[in-house]
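Asker: The structure that follows is given in the form of structure tokens.
Chains as they are written, first to last, in my numbering: chain R, 3 to 211; chain P, 3 to 211; chain U, 3 to 211; chain B, 3 to 211.
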């Protein structure tokens with residue numbers, strides 16, 4: 003088995019997701035918790051072409067408050083770093099967060115209100131849900147869907163409020179309406195597995211409309 | 003012509019099916035009957051990434067009862083081995099069984115009841131059906147669709163009951179609702195041909211909804 | 003520019019079309035008129051995997067009556083050779099015929115009757131039609147759609163009857179219902195251009211349903 | 003970082019767009035303003051297979067009136083050069099214009115009248131719009147949609163009339179009905195980013211129909 007670093011692994015996923023049209027234009031951001039210093043994580047720099055991302059196109063950020071720890075000259079953290087920061091701080095065993103834009107997730111319209119902030123939406127009880135480690139027959143699951151505030155830290159705050167009020171979601175992902183899914187996992191491999199399952203699920207939901 | 007072993011051939015199909023998004027997350031399982039000892043078959047080990055499968059990622063299982071014959075350390079048979087076992091034991095001339103998850107098969111909802119177990123569903127009489135070796139004009143065919151029990155051996159039992167009550171299906175595949183198709187063939191090549199035709203057929207059915 | 007033979011060119015198209023899922027299972031057949039002896043054409047042999055086709059997988063057939071001129075041992079002409087034969091004999095300047103199975107062409111249901119044999123179906127007046135060399139603004143075009151007789155020579159006869167009664171279609175293709183489009187062109191390159199345009203057109207028609 | 007010329011960069015995009023089925027048959031045309039002489043631009047020659055385009059398949063045209071400045075023997079400018087000419091002359095800071103044919107843009111039917119010439123059409127306020135540099139929450143945007151005159155210079159004139167009457171559109175693209183989108187950007191990279199975002203947007207619009 004070939005040995006690659008976590009940033010190389012994420013970089014490969016970036017190219018793969020771009021080829022799947024999940025990271026068109028400069029959409030999406032990918033991150034991984036630092037292996038040695040778990041109070042830090044690495045996230046894709048802002049404005050990079052995701053099909054040409056390199057392992058040097060990441061910046062290091064503090065889990066506690068999202069402040070910049072380390073960045074090569076000219077690199078700024080993704081505009082959506084605050085969302086990753088909340089996820090890492092709320093879930094100490096999460097090692098990777100992946101956010102992409104998919105057509106199918108944008109077709110789903112739930113009308114979550116701006117003041118409301120978020121709402122629980124039902125998921126169809128199909129087999130792919132076992133990829134989340136949920137083995138109930140015909141499980142009655144929901145996913146949290148958030149309003150797409152322009153001010154990203156407001157979304158991050160709503161996510162924090164959701165975790166505080168409702169605990170960690172049973173499914174390892176959330177959706178921002180008209181925007182895209184964000185998934186997490188203990189490792190990059192697990193987060194990728196979750197994202198593929200989420201994409202399958204959202205495709206089924208969007209095409210059943 | 004390049005010579006490859008059956009497990010190499012199946013491994014290549016695994017990579018191909020992954021690239022077609024038929025084996026996302028860890029979905030699906032592929033098997034082939036042992037060339038020398040036909041009372042045994044080889045099936046993908048549980049939990050493997052299907053885009054990175056290697057020819058060493060298979061375990062050997064007995065056709066008679068699905069018991070483990072041989073497995074490298076750390077490898078467990080796929081959770082759905084019992085379904086393959088029933089198919090090999092019911093059809094002595096079958097050399098390969100392929101099971102994948104496709105979006106289109108998940109869009110089709112027939113409402114097969116849990117107690118009911120299975121139901122025959124009509125197929126559209128399109129040209130691709132000739133890939134199954136059926137040459138009738140506008141054939142009036144059905145496929146068996148099974149309830150997706152969480153306890154996989156229960157599905158396997160229902161499939162066995164179906165074969166006992168109805169004989170071998172005219173078409174070389176069955177569908178588990180909300181889950182995916184399972185196809186078979188005399189050889190890996192024939193099973194692959196059947197799977198491509200089944201995918202074509204289910205796409206047409208799902209998009210005509 | 004690299005020099006390749008016509009059979010190499012067709013073989014490459016076969017691989018490309020397979021990767022586009024236009025030649026799944028063993029679907030479709032491709033042919034080209036012999037460069038030296040225009041009363042003969044070369045067509046894909048029956049039952050070949052189109053993603054693995056080789057330039058030796060063609061047989062040579064007479065334009066006059068579809069009889070076999072030359073074939074390597076074990077190779078039989080495609081079951082649909084009679085359709086190609088009619089097209090080459092009706093259109094002396096045609097150098098290549100391409101027939102594939104696409105999902106979109108199978109979604110379109112026109113209900114052409116068995117006795118009726120064929121019917122003219124309207125095409126939407128979109129820009130891609132200029133690929134057929136038709137430059138009218140909002141052209142009012144039709145394509146001939148044929149009943150999918152199991153006995154392929156009966157389809158071939160109906161196509162011959164169509165050409166006799168109606169002349170050469172204005173668009174360089176026909177459709178067999180529930181089966182797929184057949185296109186033609188002066189050269190392989192032109193036939194390929196026509197097929198890409200036909201696929202575009204049929205996708206628009208199928209998705210507007 | 004590898005150094006490539008603008009024509010090499012555009013040639014690569016041509017191959018990429020062909021593989022995405024945005025430039026099927028001979029559809030579409032791509033151009034870039036000359037780096038040294040900004041009163042000239044380079045555009046794909048007419049009738050080229052976009053999957054096999056080479057960096058020598060471009061001709062040089064004057065921004066002022068679209069007259070031919072330079073062309074290798076046998077090359078003619080794309081039939082739609084006049085549209086590019088209007089865009090470069092109306093927007094001095096635009097460095098690249100990209101026009102492709104997509105299925106989704108052809109599914110959208112707005113019924114813009116021939117005499118009317120163009121109409122403003124609303125866009126859904128989804129996240130991908132930020133790729134255009136527009137950061138309003140739920141922006142109330144429109145795109146200009148033009149009637150597809152067969153006489154291309156008439157479309158070009160309508161575009162010029164639009165720019166004169168309405169100014170530069172807020173979004174960096176326009177749509178010709180039944181034909182396809184044309185995007186622009188300061189650089190080839192920016193134009194490509196805009197095109198990917200436009201494709202995302204039009205897919206969402208077409209699939210929400």
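Where a beta carbon is used, it is the ideal one built from N, C-alpha and C, also for glycine.
Measuring alpha carbon to alpha carbon, tell me which of U/61, U/116 and U/140 ends up nearest residue 124 of chain U.
Answerer: Within the third chain, numbered from 1, the residue matching residue 124 of chain U stands at position 122. The shortest C-alpha separation from residue 124 of chain U is found at U/140.
Asker: Quick check on residue 30 of chain U: buried or exposed, where buried means 16 or more other Cβ atoms within 10 Å of its Cβ?
Answerer: Here residue 30 of chain U is taken as the residue at index 28 of the third chain, counted from 1. Buried.
Asker: Helix, strand or coil for residue 16 of chain R per DSSP?
Answerer: Translated into positions along the first chain, residue 16 of chain R becomes position 14. Helix, per DSSP.
Asker: Tell me whether the region 146-165 of chain P and the region 125-135 of chain P touch, counting them as touching only if at least three CB pairs, one residue from each stretch, are closer than 8 Å.
Answerer: no
Asker: The region 7-31 of chain R: which residues have C-beta closer than 7 Å to a C-beta of chain B, in chain order?
Answerer: 26, 27, 28 and 29
Asker: Just reading off the alpha helix (DSSP H) that residue 101 of chain P is part of, what are its end residues?
Answerer: Working through the second chain from its first residue, we reach residue 101 of chain P at position 99. In the DSSP assignment, residue 101 of chain P falls outside any alpha helix (DSSP H) and within the unbroken beta strand (DSSP E) covering 98-101.
Asker: 8 Å is my cut-off, CB to CB: does residue 76 of chain P come that close to chain R?
Answerer: Within the second chain, numbered from 1, the residue matching residue 76 of chain P stands at position 74. Chain R, which has no Cβ nearer than 8 Å to the Cβ of residue 76 of chain P, makes this no.
Asker: Quick check: what's the CA-CA separation for residue 88 of chain R versus residue 23 of chain B?
Answerer: As a first step, residue 88 of chain R must be located in the first chain, where it is residue number 86. As a first step, residue 23 of chain B must be located in the fourth chain, where it is residue number 21. If I take the Cα positions, the gap works out to 40 Å.
Asker: Tell me the rounded alpha-carbon separation between residue 187 of chain R and residue 197 of chain R.
Answerer: The count along the first chain starts at 1 and reaches residue 187 of chain R at position 185. The count along the first chain starts at 1 and reaches residue 197 of chain R at position 195. So the two alpha carbons sit approximately 9 Å from each other.
Asker: Taking the alpha-carbon of residue 184 of chain R as reference, which of R/206, R/169, R/210 and R/157 has the nearest alpha-carbon?
Answerer: Position 182 of the first chain holds residue 184 of chain R. Here the closest residue by C-alpha is R/157.
Asker: If distances are taken between C-alpha atoms only, which option among R/78, R/181 and R/10 comes closest to residue 54 of chain R?
Answerer: Here residue 54 of chain R corresponds to residue number 52 of the first chain, with the count starting at 1. Of the candidates R/78, R/181 and R/10, the one whose C-alpha sits nearest the C-alpha of residue 54 of chain R is R/10.
Asker: Under a three-way DSSP split, which group does residue 209 of chain B fall into?
Answerer: Here residue 209 of chain B is taken as the residue at index 207 of the fourth chain, counted from 1. Helix at residue 209 of chain B.
Asker: Quick check on residue 157 of chain U: does DSSP put it in helix, strand or coil?
Answerer: Residue mapping note: residue 157 of chain U aligns to position 155 of the third chain, counting from 1. Helix at residue 157 of chain U.
Asker: So, does the CB of residue 139 of chain B fall closer than 8 Å to a CB anywhere in chain U?
Answerer: Position 137 of the fourth chain, counted from the first residue, corresponds to residue 139 of chain B. So no, residue 139 of chain B is outside the interface.
Asker: Where in the region 24-112 of chain B do unbroken runs of the alpha helix (DSSP H), each at least 4 residues long, occur, reported from the N-terminal end onward?
Answerer: DSSP runs (the alpha helix (DSSP H)) wholly in the region 24-112 of chain B: 83-92 and 105-109.
Asker: Please say whether residue 130 of chain R and residue 103 of chain P have beta carbons closer to each other than 8 Å?
Answerer: By 1-based counting over the second chain, the position of residue 103 of chain P is 101. By 1-based counting over the first chain, the position of residue 130 of chain R is 128. Against a cut-off of 8 Å, the Cβ pair of residue 130 of chain R and residue 103 of chain P comes out as a contact.
Asker: Give the residues from the region 185-203 of chain P that approach chain U closer than 8 Å (Cβ to any Cβ), ordered along the chain.
Answerer: Considering only beta carbons, the part of the region 185-203 of chain P lying closer than 8 Å to chain U consists of 191, 195, 196, 198, 199, 201 and 202, in chain order.
Asker: Comparing the C-beta of residue 127 of chain B with each C-beta of chain R, is any distance below 8 Å?
Answerer: Against the fourth chain, residue 127 of chain B aligns to sequence position 125. Closer than 8 Å to some Cβ of chain R, the Cβ of residue 127 of chain B qualifies, so yes.
Asker: Applying the 10 Å Cβ sphere with the 16-neighbour rule, what's the burial state of residue 3 of chain U?
Answerer: Stepping through the third chain from its first residue, residue 3 of chain U is reached at position 1. Reliability fails at residue 3 of chain U, whose pLDDT of 46 lies under 50, so the model's placement of it is uncertain and no value is given.
Asker: Who are the Cβ neighbours of residue 161 of chain U in its own chain at under 6 Å, not counting the five residues just before and after it?
Answerer: Within the third chain, residue 161 of chain U is the residue found at index 159, counting from 1. Counting only Cβ-Cβ distances below 6 Å, and skipping sequence neighbours, we find 88.
Asker: Could one say the Cβ of residue 130 of chain B lies closer than 8 Å to chain R's Cβ atoms, at least one of them?
Answerer: As a working mapping, residue 130 of chain B is identified with position 128 in the fourth chain. Judged by the 8 Å Cβ criterion, residue 130 of chain B is in contact with chain R.
Asker: Are the beta-carbon atoms belonging to residue 74 of chain P and residue 48 of chain P less than 8 Å from one another?
Answerer: Start at 1 with the first residue of the second chain, and residue 74 of chain P comes out as number 72. Start at 1 with the first residue of the second chain, and residue 48 of chain P comes out as number 46. Against a cut-off of 8 Å, the Cβ pair of residue 48 of chain P and residue 74 of chain P comes out as no contact.
Asker: Can you grab the Cα-Cα spacing for the pair residue 147 of chain B / residue 120 of chain B, in whole Å?
Answerer: By 1-based counting over the fourth chain, the position of residue 147 of chain B is 145. By 1-based counting over the fourth chain, the position of residue 120 of chain B is 118. Near 5 Å, if we compare the C-alpha coordinates of residue 120 of chain B and residue 147 of chain B.
Asker: Does residue 96 of chain U get closer than 8 Å to chain B when you measure Cβ to Cβ?
Answerer: Counting from one through the third chain, the residue named residue 96 of chain U turns up at place 94. No, no contact with chain B.
Asker: In the structure shown, what three-state DSSP assignment does residue 8 of chain U receive?
Answerer: What you label residue 8 of chain U is simply residue 6 of the third chain in a count that begins at 1. If DSSP states are grouped into helix, strand and coil, residue 8 of chain U belongs with the helices.
Asker: Counting only C-beta atoms, is residue 101 of chain U closer than 8 Å to chain P at any point?
Answerer: Here residue 101 of chain U refers to the residue found at position 99 of the third chain. No, no contact with chain P.
Asker: Could you pull out every residue in the same chain whose Cβ sits closer than 7 Å to the Cβ of residue 64 of chain U, ignoring the five residues on either side in sequence?
Answerer: Walking along the third chain from the start, residue 64 of chain U turns up at place 62. 41, 42 and 71.
Asker: Which residues bound the beta strand (DSSP E) around residue 122 of chain U?
Answerer: Reading the third chain from its first residue, position 120 is the one you call residue 122 of chain U. First-last of the beta strand (DSSP E) with residue 122 of chain U: 120-124.
Asker: Going by the beta-carbon positions, is the gap between residue 206 of chain B and residue 108 of chain R smaller than 8 Å?
Answerer: Within the fourth chain, the letter at position 204 stands for residue 206 of chain B. Within the first chain, the letter at position 106 stands for residue 108 of chain R. Yes. Within cutoff.
Asker: Between which two residues does the beta strand (DSSP E) carrying residue 134 of chain P extend?
Answerer: Walking along the second chain from the start, residue 134 of chain P turns up at place 132. Careful: residue 134 of chain P lies outside any beta strand (DSSP E) and carries neither H nor E.
Asker: Going by beta carbon distance, what residues of the same chain come within less than 7 Å of residue 60 of chain B, once the five residues before and after it are set aside?
Answerer: Position 58 of the fourth chain holds residue 60 of chain B. Excluding residues within five positions, the ones whose Cβ falls inside 7 Å are 9, 44, 45, 46 and 47.
Asker: Could you work out which residues of chain B lie near residue 210 of chain U, taking near to mean beta carbons separated by less than 7 Å?
Answerer: Counting from 1 along the third chain, the entry for residue 210 of chain U is found at position 208. Chain B residues near residue 210 of chain U: 109.
Asker: Taking CB distances under 8 Å as the criterion, tell me whether residue 42 of chain U reaches chain B.
Answerer: Locating residue 42 of chain U in the third chain gives position 40, where the first residue counts as 1. Not one chain B Cβ lies under 8 Å of residue 42 of chain U.
Asker: Listed in chain order, which residues of the region 157-186 of chain R have Cβ atoms closer than 8 Å to some Cβ of chain B?
Answerer: Under the 8 Å Cβ criterion, the region 157-186 of chain R contributes 178, 180, 181 and 182.
Asker: Determine the DSSP secondary structure at residue 204 of chain B, reduced to helix, strand or coil.
Answerer: The sequence position of residue 204 of chain B within the fourth chain is 202, counting from 1. It is helical.
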